[in-house]
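Beneath this line is the structure, given in structure tokens, with notes to follow.
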Amino acid sequence: MAAVAADPAAADAAEDREPQREAMPGLESQRRQIKNSESGRERPLRTGESWFLVEQHWYKQWELYVQGGDQDSSTFPGCINNAKLFEDQVNWRLKKGLVEGEDYVLLPEAAWHYLVSWYGLEHGQPPIERKVVELPGIQKVEVYPVELLLVQHSDMDTPFTAQFSHTASIGSQEDLECAPSPCTDLVLRTAREQFLVSPQEEARLWIKNAKGSFERLCNTRVTVFDAALKTGQLIIMETRNKDGTWPSAQPHATKSASEEDKNFQGQPGICGLTNLGNTCFMNSALQCLSNVPQLTEYFLKNRYLEELNFCNPLGMKGEIAEAYADLVKQAWSGHHRSIVPHMFKTKVGHFASQFLGFQQHDSQELLSFLLDGLHEDLNRVKKKEYVELCDAAGRPDQEVAQEAWQNHKRRNDSVIVDTFHGLFKSTLVCPGCGNVSVTFDPFCYLSVPLPVSYKRVMEVFFVSMDPRRKPEQHRLVVPKKGKISDLCVALAKHTGVSPERMMVADVFSHRFYKIYQLEESLSSILDRDDIFIYEVSGRSAIGENSREDVVLPIYLRERTPARDYNNSYYGLMLFGHPLLVSVPRDRLSWDALYHILLYRLSRYVTRPNSDDEDDGDEKDMEDKDNIPKPGHVAVGSSQDPGPEQAGPSSGVAGRSRAPVDNSPGPSHWPQRARRKHLFTLQTVNSNGTSDRSTFNEDTHGVSFSCEPGLGRREGGFLGSRAHDHLPSPPAQPYIAIDWEPEMKKRYYDEVEAEGYVKHDCVGYVLKKAPVRLQECIELFTTVETLEKENPWYCPSCKQHQLATKKLDLWMLPETLIIHLKRFSYTKFSREKLDTLVEFPIRDLDFSEFVIKPQSESAPELYKYDLIAVSNHYGGLRDGHYTTFACNKDSGQWHYFDDSSVSPVTENQIESKAAYVLFYQRQDVARRLQPQTGSSDPPATPGCSSPPNSEFMDVN
297 MAAVAADPAA
307 ADAAEDREPQ
317 REAMPGLESQ
327 RRQIKNSESG
337 RERPLRTGES
347 WFLVEQHWYK
357 QWELYVQGGD
367 QDSSTFPGCI
377 NNAKLFEDQV
387 NWRLKKGLVE
397 GEDYVLLPEA
407 AWHYLVSWYG
417 LEHGQPPIER
427 KVVELPGIQK
437 VEVYPVELLL
447 VQHSDMDTPF
457 TAQFSHTASI
467 GSQEDLECAP
477 SPCTDLVLRT
487 AREQFLVSPQ
497 EEARLWIKNA
507 KGSFERLCNT
517 RVTVFDAALK
527 TGQLIIMETR
537 NKDGTWPSAQ
547 PHATKSASEE
557 DKNFQGQPGI
567 CGLTNLGNTC
577 FMNSALQCLS
587 NVPQLTEYFL
597 KNRYLEELNF
607 CNPLGMKGEI
617 AEAYADLVKQ
627 AWSGHHRSIV
637 PHMFKTKVGH
647 FASQFLGFQQ
657 HDSQELLSFL
667 LDGLHEDLNR
677 VKKKEYVELC
687 DAAGRPDQEV
697 AQEAWQNHKR
707 RNDSVIVDTF
717 HGLFKSTLVC
727 PGCGNVSVTF
737 DPFCYLSVPL
747 PVSYKRVMEV
757 FFVSMDPRRK
767 PEQHRLVVPK
777 KGKISDLCVA
787 LAKHTGVSPE
797 RMMVADVFSH
807 RFYKIYQLEE
817 SLSSILDRDD
827 IFIYEVSGRS
837 AIGENSREDV
847 VLPIYLRERT
857 PARDYNNSYY
867 GLMLFGHPLL
877 VSVPRDRLSW
887 DALYHILLYR
897 LSRYVTRPNS
907 DDEDDGDEKD
917 MEDKDNIPKP
927 GHVAVGSSQD
937 PGPEQAGPSS
947 GVAGRSRAPV
957 DNSPGPSHWP
967 QRARRKHLFT
977 LQTVNSNGTS
987 DRSTFNEDTH
997 GVSFSCEPGL
1007 GRREGGFLGS
1017 RAHDHLPSPP
1027 AQPYIAIDWE
1037 PEMKKRYYDE
1047 VEAEGYVKHD
1057 CVGYVLKKAP
1067 VRLQECIELF
1077 TTVETLEKEN
1087 PWYCPSCKQH
1097 QLATKKLDLW
1107 MLPETLIIHL
1117 KRFSYTKFSR
1127 EKLDTLVEFP
1137 IRDLDFSEFV
1147 IKPQSESAPE
1157 LYKYDLIAVS
1167 NHYGGLRDGH
1177 YTTFACNKDS
1187 GQWHYFDDSS
1197 VSPVTENQIE
1207 SKAAYVLFYQ
1217 RQDVARRLQP
1227 QTGSSDPPAT
1237 PGCSSPPNSE
1247 FMDVN
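Quick note on numbering: the numbering used here labels position 737 of the sequence shown as 1033, and the sequence is numbered without any gaps.
What follows is the structure, given as structure tokens:
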């Protein structure tokens, strides 16, 4: 009990306990017993001893009396009178500011009793007893205990004053478990007794600090001194509501909703979690963990309170464990349809910044953080010792495994270790010297790979050289680790076009983001990329009587007027799909290029009719001499393409080279009826900007700074061969087709330009055969070679080696978490595997995978039943998490979709969305069965054998 101020009743009781008067010894004997003996004032202080205050004036009078040597002297002090030390004679409260040596002296318990037995104590006065306390670096008699004001959260206006020693504990687990506490100076127990709160009710304390705000007294196992409590400080006791919530945690905005649910009574555990904004991943992980029976029982029965570790530097000061406990108590109170996990989300974001905000995350990543956080917050090891890891060095596996597990438990001992931790055997073999390293490592969950298909489905658009054909969408099956050339070969089977006549490009925002080389890996292409494959000319021979084609990238741009002082500035905006056009090197003139491009665009660009022709003014007549003459063929010439020359640029092999409307070629048009140009041409960079030169209706050849190397592999530009897919240098000749808005509106058909057709292969679906969970586990235990980025340092040959590694299961936990690695990340690609994994609901047998010598008498130690599944629907960019879970009380399966909960049958659980599986060992299910509060038997089968302590804890 707390030390409260003395009252008359206490004084009467003290008088009753006052020892009978004894015969007074001689004065010298008195002086020695009070001052110098082992029981006198000069004895050292000992923690926990009682010392008593005596008024200074009376003590000085006694000293004068015994020094005089005359027992009949007039200096006789009379009864001990401490009246000057009290504020009043009613409550007997000690005056403040008393100073030792001026106002009082301190006597040990034996000396006090001697004086009382010889001289007596003034009638009605209580003895002033104080304890010796040990504070950091000093022992002292605690004359003034800490005086605290205790109030209830529901009644802040009625404080109760109580005094506590600096060394008194704030609270104790014995108090919470209804057992008598050996320490009477407990703040929490005093508050419970004062406010008639039973020990069965969970309570917590708050303090009001100097700033007027309230702070939690989280660690109740510290002393008043350690908690820095001061006299006059307000202490608030808060009691948990029946629905698992705390009164202080209920926002005012939800009070009306709380009133509606006040009388709600449902099945404990059947409670949704509100989505706070992309927090479905968190809700899914929490629902899975909440349905692990032994962990939930641990929190519901308050066993976590005695194991909270507030001083662990690797932990979260107990805050994660307390926040999770609050969620569990609310969800399993049966008083909520759904709860808002706002406080838990805040705590998680505080200790793990990657979960701050409301971005989508991975439920397995949160689960990993939460299990680690709960473990460190509940770690029974308060001070971790240094443990040196030892290799097997030829010793038997049984011995090495036992040593590894004991070392693990010396530093890690919590309910999480008891429930979820198992043991791997890791074997590394050096390829250089053959050295074998065997270690045993703990694990919390298994991340098992899925059998990966070596095929990949890619969607591409094929653009033919024939302008009459619309682009075709194809769905191609290619090797996952293949090259760009494999993509061209696969497309050739659908189109009949030789792979040598294809160029592959990534188109983004109306421009070429990248043009690929044939030897590049397909992994550099993401699923979201827009891939266009262009047919180009295959003529690449360079000789006296042969022609070489140049492949030109073509952009489409539209002039857009922009406001300017002179209204003379025009902006240029890219639009449409870019093209790769083959042009004979001997016809690289602006005029020839114009007509070649006009022909390539003829499907969606209308050629001007006779009404649009120029009126044959003098300028046109003067320009007639500039029209190329047939037979004049040279690089940089202005010869127009005739019918026999349209082939290389049009790609209509074996067909007429004339335009599709069968009109005569440009070289046969009458000079007086020359048509006006629909667009202008300009050289640009790969971004479609940085003008170099403009086509101004002259007939000079197309001139590039890189012309000597144009079309040749050694030039480093887009090659004349379809397979010369080289990076684009700064001098790469990109051509922009610039349209005036009026001309584009009149002659350019945007709907037709954007049109495409789907090849029959688009409807094909690559069927994926389902795999068994056991296959994934077998793949997990398969020998693999370490990657170059993660070599192993061999202690024998003293080098980093790409060793072979094999993991085996040695010891399995009570609850086994299996993470299906559906998300695959590489340097160039990311994908989600939607393979159906067939997993059993009951009797998942691990006996064939555990290499530890097994006990034939306890087969249930290797059989598991499913209790929860975290599902992920959708792809990499977006998705949604839900949960299937089996209620520990009713055995009924439910589907948790954020705040919505609905019952399901077992045949609905298995799906392609299964991501994290929770399995419980059958012997644990049997052990927990009597603890369930429901009369219904659990759905999961079990066995009556007692748990085998050797299976998990070799300690």
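For every residue, glycine included, the Cβ atom is placed at its ideal position computed from N, Cα and C.
> What's the gap between the Cα of Pro1066 and the Cα of Leu894?
Replying inline: Taking the straight line joining both Cα atoms gives about 53 Å.
Legend entry - Beta-bridge pairing of Glu755 - partner residues as DSSP gives them: Glu755 is bridged to Arg771.
Q: List the whole-angstrom C-beta distance separating Leu1105 from Ile1147, where the pair is believed to meet the contact cut-off of C-beta under 8 Å.
A: Yes, Leu1105 and Ile1147 are in contact; Cβ-Cβ is about 7 Å, under 8 Å.
Report the rounded CA-to-CA distance for Ala801 versus Phe757, giving the unit in angstroms.
Going by C-alpha positions, Ala801 is about 10 Å away from Phe757.
Which listed residue (Leu670, Arg707, Asn377, Ala581) has its alpha carbon closest to that of Ser659 = Cα-wise, what sits closest to Ser659 is Ala581.
In whole angstroms, give me the CA-to-CA distance for Glu684 and Phe595. Each residue's Cα considered, the two are about 34 Å apart.
To the nearest angstrom, how far is it from the Cα of Phe560 to the Cα of Cys567? Distance between the alpha carbons of Phe560 and Cys567 is about 12 Å.
Quiz item: Which partner residues of Trp1189 appear in the DSSP bridge assignment?
Solution: Trp1189 is bridged to Cys1182.
### Query
What number of angstroms, rounded off, separates the C-alpha of Asp1141 from the C-alpha of Arg1118?
Each residue's Cα considered, the two are about 23 Å apart.
Notebook entry, point to check: Taking only runs of the beta strand (DSSP E) that begin and end inside the segment 479-557, which ones reach a length of at least 3 residues, in chain order?
Noted result: Fully enclosed beta strand (DSSP E) runs of 3 or longer: 499-504, 510-512, 530-535.
Suppose contacts are defined by Cβ-Cβ distances below 8 Å. Is Leu670 in contact with Tyr620 by that definition? Yes. Within cutoff.
Start-to-end residues for the beta strand (DSSP E) that takes in Tyr1121
1119-1121 is the span of the beta strand (DSSP E), which, as asked, contains Tyr1121.
**Study point:** Contact check, Ile850 vs Glu816, beta carbons under 8 Å
**Key:** No; because the gap between Cβ atoms is not below 8 Å, this pair is not in contact.
(request) For Gln459, name the three-state secondary structure that DSSP assigns. (result) Correct three-state label for Gln459: strand.
| said: Using only CA atoms, which one of Lys1094, Leu513, Leu889, Asp453 lies nearest to Ile1033? | reply: Measuring from the Cα of Ile1033, the nearest candidate turns out to be Leu889.
| request: State the Cα-Cα distance for the pair Tyr1030 and Arg807, rounded to the nearest angstrom. | output: Rounded to whole angstroms, Tyr1030 to Arg807 spans 10 Å at the Cα level.
Less than 6 Å between C-beta atoms, sequence neighbours within five positions excluded: which residues of the same chain meet that for His825? Position check: residue 825 holds Asp in this sequence, whereas His was assumed. Leaving aside the five residues that flank Asp825 on each side, the residues in its chain whose CB is nearer than 6 Å to its CB run, in chain order, Asp802.
Check: Do you know how far the Cα of Ser509 is from the Cα of Ala617?
Finding: Roughly 24 Å between the two C-alpha positions.
Requested in this report: Would you mind giving the Cβ-Cβ distance between Arg853 and Pro1037, rounded to the nearest angstrom? I have them listed as a contact below 8 Å.
Outcome: 11 Å between Cβ atoms; not a contact.
| request: Return yes when the Cβ of Glu603 is within less than 8 Å of the Cβ of Leu674, no when it is not. | output: Contact: yes.
Sorry if obvious, but does the Cβ on Arg500 come closer than 7 Å to a heavy atom of the ligand NAP? Among the ligands in the structure shown, none appear at all, so the ligand NAP cannot be discussed.
Enumerate in chain order the residues of its own chain whose CB-to-CB distance from Val520 is below 6 Å, with the five nearest sequence positions on each side excluded. Answer for Val520: Val442, Phe460, His462, Ala464, listed in chain order.
>> Does the structure place the segment 1092-1101 close enough to the segment 720-739 that three or more beta carbon pairs sit under 8 Å?
In response: At 8 Å Cβ cutoff, the stretches touch.
Residue environment, Pro775, which counts as buried when at least 16 other CB atoms sit within 10 Å: Exposed.
I'd like the list of long-range same chain contacts for Tyr1177, defined as Cβ closer than 6 Å, with 5 residues on each side in sequence excluded. Closer than 6 Å at Cβ, skipping near neighbours: Cys576, Phe577, Ser580, Ser659, His1168.
request  = Using three-state DSSP, classify Met1287 as helix, strand or coil.
outcome  = Any property of residue 1287 remains undetermined from this structure, which presents the chain solely from 297 to 1251.
Closest residue to Gln357 among Ser369, Phe348, Ser346 (Cα-Cα distance):
Ranked by Cα distance from Gln357, the first of Ser369, Phe348, Ser346 is Ser369.
Next item on the list: Return the Cβ separation of Val753 and Arg771 in integer angstroms, given the expectation that the two are a contact with Cβ distance under 8 Å.
Entry: Yes, they are in contact, since the Cβ atoms of Val753 and Arg771 sit about 6 Å apart, within 8 Å.
What are the residues that DSSP puts in a beta bridge with Glu425?
Bridge pairing for Glu425: Phe348 [DSSP].
On the DSSP letters alone, give me the boundaries of the beta strand (DSSP E) that Lys680 sits inside. Counting along the chain, Lys680 falls outside any beta strand (DSSP E), and DSSP gives it neither H nor E.
If the criterion is Cβ atoms closer than 8 Å, does the pair Arg787 and Met799 meet it? According to the sequence provided, residue 787 is Leu. The question's Arg does not apply to it. Their beta carbons are not under 8 Å apart, which means Leu787 does not touch Met799 by this criterion.
**Asked** Which two residues bound the contiguous beta strand (DSSP E) that contains Leu1103?
**Response** First-last of the beta strand (DSSP E) with Leu1103: 1100-1107.
- If you drop the 5 nearest sequence neighbours on each side, which residues of the same chain put their C-beta closer than 8 Å to that of Met1039? Hits under 8 Å: Leu974, Phe975.
Look at the Cβ atom of Asn587, then the Cβ atom of Ala1181, and state whether they are nearer than 8 Å. Yes. Within cutoff.
- Item | Limits of the unbroken alpha helix (DSSP H) element including Trp414 | Its alpha helix (DSSP H) spans residues 405-415.
- Inter-stretch contact at 8 Å, needing at least 3 Cβ pairs: the segment 690-700 / the segment 647-664: Touching, no.
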